[in-house]
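> In our numbering, the protein residues as written are -3 to 122.
C-beta: ideal position from N, C-alpha, C; glycine also.
This structure is a prediction, so every number in the text was calculated from the model and none was measured.
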Amino acid sequence: MTRTLLMDSYLLSDAETVVARARTGDPAALEALFRAYEVPVYNLARRICRTTEDAEDVLQETFLEVCRSIKRYREEGSLWGWVRTIAASKALMRLRRNKYRDTDELHDEVVGQRREDTHLRMDLEA
């Protein structure tokens, strides 16, 4: 038995029933999905994003997407594989977004430093 199959059978003993109930919006079924995959999704997000805050955000974003998309889950692969794909996508998007945010912050620091240098140079020339 592969790790994925173990995870599905261990965490959700009756995954098909839980998915069917989740598709109808059953809060208990959605809660069961969250409880079953909360830790592995968080661990995956933490490995990709490297910060606790980002991993927690990815966890929330992942399960919001799971709730929105559960009706489109085709049951062709494992449930964990589907959830993991959503989580990895959300984590990578956050990583990219943070990369650009960090670059913008660095740019602002450089621009601020240039202004300060210009003012110092003007003071020296005066």
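1) I'd like the list of long-range same chain contacts for D53, defined as Cβ closer than 7 Å, with 5 residues on each side in sequence excluded.
2) Excluding the 5 residues preceding and the 5 following R(-1) in the sequence, name in chain order all residues of the same chain whose CB lies nearer than 6 Å to its CB.
3) Using 10 angstroms around the beta-carbon of R64, count the other beta-carbons present and answer buried if the total reaches 16, otherwise exposed.
4) Return the residue from the list F59, E121 and E49 that minimises the CA-CA distance to L75.
5) Hey, could you find the ends of the alpha helix (DSSP H) Y38 is sitting in?
6) Within the same chain, show all residues whose beta-carbon is closer than 6 Å to that of L2, passing over the 5 residues directly before and after it, in chain order.
7) Would you give the residue range spanned by the alpha helix (DSSP H) that S9 belongs to?
8) Rank D10, K95, L120 and D50 by C-alpha distance to the C-alpha of L29 and give the top, closest one.
9) How many Å lie between A84 and G73 at the Cα?
10) Just to confirm my understanding: we take R17, look at its own chain, exclude 5 residues before and 5 after, and list those with CB closer than 6 Å. What are they?
Reading off the structure:
1) R90
2) Confidence at R(-1) is low in this model, with a pLDDT of 45, below 50, so its placement is unreliable and no value can be given for it.
3) exposed
4) F59
5) P23 to C45
6) Unreliable placement is indicated for L2, whose pLDDT of 43 sits below 50; the coordinate value is still reported in the next sentence. Closer than 6 Å at Cβ, skipping near neighbours: no residue.
7) It is not in any alpha helix (DSSP H) - S9 carries neither H nor E in the DSSP assignment.
8) D10
9) A direct Cα-Cα distance of roughly 16 Å separates A84 from G73.
10) For R17, where only same-chain residues beyond five positions count, the Cβ hits under 6 Å are A25.
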